[in-house]
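Asks: Structure in structure tokens, see below.
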Amino acid sequence: MKKIIISALALLTVTFAAVPMAQAQSYRSEARESRQEYRIHRSARRGDLTPREYRQLQRQQHRIDRAKRAAARDGHISRAERRKIERMQDRASRNIYRKSNNGRGYY
């Protein structure tokens, strides 16, 4: 009986220790996406983006959201999937900077 209780406690400890790690990885991605959304909206408010540029950047963020949902569909985001999402976010960040600082704007 004692062995069963100890093994059950060990199993629960391992299970609950893995959950925060998965959430932390997701949180990092969500925080980055939130910052990128803020940069897009700030640039649009300041008039640095044309309406077309704004729509393109929003569409790109939506594609990243879909890729994240597809990656998490099986309950685990693999290293390759995480890398793909990171690259998508890197590309989006570059696009936000380029479109916000290209001299065009909505006046």
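Here the sequence shown stands for residues -24 to -1, 1 to 83, where the numbers follow mature numbering (1 follows the signal peptide of the UniProt record, and there is no 0). All C-beta atoms in this analysis are idealised placements derived from N, C-alpha and C, irrespective of residue type, glycine included. Given the structure is predicted, the values throughout are model-derived calculations rather than measurements.
(1) From Y14, Q12, R42 and I72, pick the residue whose C-alpha is nearest to that of K60; which is it?
(2) Which of the three DSSP states, helix, strand or coil, is assigned to A(-3)?
(3) Check each candidate in R4, S5, Q12 and R8 and name the one with the smallest Cα separation from N71.
(4) Quick check: what's the CA-CA separation for S19 versus R8?
(5) What residue range is occupied by the uninterrupted alpha helix (DSSP H) comprising I40?
Replies: In this structure, then:
(1) Sequence index remark: in the sequence shown, residue 60 carries index 84 (1-based). If we check each option's Cα against that of K60, R42 comes out closest.
(2) Working through the sequence shown from its first residue, we reach residue -3 at position 22. Reliability of the predicted coordinates at A(-3) is poor, the pLDDT of 49 falling under 50, and no value is obtained from them.
(3) Position 95 of the sequence shown, counted from the start, is the residue given in the question as residue 71. With distances taken between Cα atoms, N71 lies closest to Q12.
(4) Translated into positions along the sequence shown, residue 19 becomes position 43. Translated into positions along the sequence shown, residue 8 becomes position 32. Going by the C-alpha atoms only, they are around 17 Å apart.
(5) If you number the sequence shown from 1, residue 40 lands on position 64. First-last of the alpha helix (DSSP H) with I40: P27 to A48.
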